[in-house]
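Residue numbers (full-length UniProt numbering), protein chains in the order written: chain A, 1 to 171; chain B, 1 to 171. Virtual Cβ for every residue (Gly too), placed ideally from N, Cα, C. Since the structure is predicted, the reported quantities are computational estimates derived from the model, not experimental observations.
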DNA sequence: GTCTATAAGGGGATAGAC
DNA sequence: GTCTATCCCCTTATAGAC
């Protein structure tokens, strides 16, 4: 049941935003009552926390791996795109949700992103390197637009196209 | 007074999102009362409408000009970036505000964006062309991140860097 | 034009029955 | 575990005094 709630919350949060989704909306979609939700979660914020936690773990892990194995730019961008697809677009939609900047900050999302930017920009990056790194990540993030609404996957050809585009941005 | 309200609303909407900004917030920042706001606007939605209208006009105008004068990719992207900077980042922050998708649709933002994508992708675009066009626009949109919070401008060097990056994406 | 006061409704959250 | 009923607060919006 708890997992069912998280699934629904994930979908509604990334469709209507956090502020635009009420506990009632979640309860109805799950097929229960508000109090039913509150048996499993102490607050609405707690739901968001759990929704964000898995994609955040993945992102941290990606960064760790990239550091340990000295990922090339291509490997890094490829893994980043895979992460976006895997998280079912939740994270990267909520990314821009201005109504939850505090929680996002609590999950240190900006810090993690900055780490990625610096990994992409190389050692001792110039200002230009940093601008290009940020732009490359933006290209990778457009993957969201191409995630099939049905099975949540993304066409291989498009994925390759995006990867190449991101690499061209860097150089 | 009405203009002052619009200014404040613009800032708060793009900082906290539409749902995250209450009429009270706006009133306090302006230095008046809720009813004071409602003397000038019939509803909160009406405020959003007016906030969006100017950047939307600019965007329409850009598309019209680009069509009439057969803008090259570079001209188009440059003008697009200028528009983002000029609009004081409002539009392009609200762009991703999931709590106002209805209003955005009413302003036909998606349609306008599609027009831009197709202008960038060239005539008879392949699927790859379209993917690259969307990616290039994403690069241009990262300009938001570099807009100085102080005077709302953007460093010329960064702007050029972004333009070149977007052009590399296309080819 | 701008205020205070208030209505009407929805939000998150809790109590207590079953 | 899940429900109904309820609380309290905040939101949008309006009425009416000044």
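Asked: Helix, strand or coil at residue 41/B [DSSP, three-state]; Found: coil
Asked: Chain A residues whose Cβ lies nearer than 7 Å to that of residue 142/B; Found: 134, 135 and 138
Asked: Inter-residue CB distance, residue 112/B and residue 59/B (contact presumed, cutoff 8 Å); Found: 5 Å
Asked: Nearest residue (CA-CA) to residue 92/A, options 135/A, 2/A, 43/A and 15/A; Found: 15/A
Asked: Residue burial classification, residue 97/A (beta-carbon count within 10 angstroms, cutoff 16); Found: buried
Asked: Where residue 154/A falls: helix, strand or coil (DSSP); Found: coil
Asked: DSSP three-state assignment for residue 108/B, whether helix, strand or coil; Found: coil
Asked: Residues near residue 81/B by beta carbon distance below 7 Å, same chain, minus five either side; Found: 140, 143, 159, 162 and 163
Asked: Residue of 90/B, 167/B, 109/B and 68/B minimising C-alpha distance to residue 145/B; Found: 90/B
Asked: Touch test, the stretch 112-127 of chain B against the stretch 29-40 of chain B, Cβ-Cβ under 8 Å, three pairs minimum; Found: no
Asked: Inter-residue CB distance, residue 73/A and residue 170/A (contact presumed, cutoff 8 Å); Found: 6 Å
Asked: Contacting residues, own chain, Cβ-Cβ under 8 Å from residue 24/B (five flanking each side not counted); Found: 34
Asked: Residue 68/A versus residue 26/B - alpha carbon distance; Found: 48 Å
Asked: CA nearest to the CA of residue 86/A, picked from 152/A, 103/A, 57/A and 168/A; Found: 152/A
Asked: Residue 124/B versus residue 135/B - alpha carbon distance; Found: 18 Å
Asked: Residue 10/A classed as buried or exposed, judged by whether at least 16 other C-beta atoms fall within 10 angstroms; Found: buried
Asked: Beta carbon of residue 62/B nearer than 7 Å to that of residue 83/B; Found: yes
Asked: Contacts of residue 28/B in chain A (Cβ-Cβ under 9 Å); Found: Within 9 Å Cβ-Cβ: nothing; residue 28/B doesn't reach chain A, min ~18 Å.
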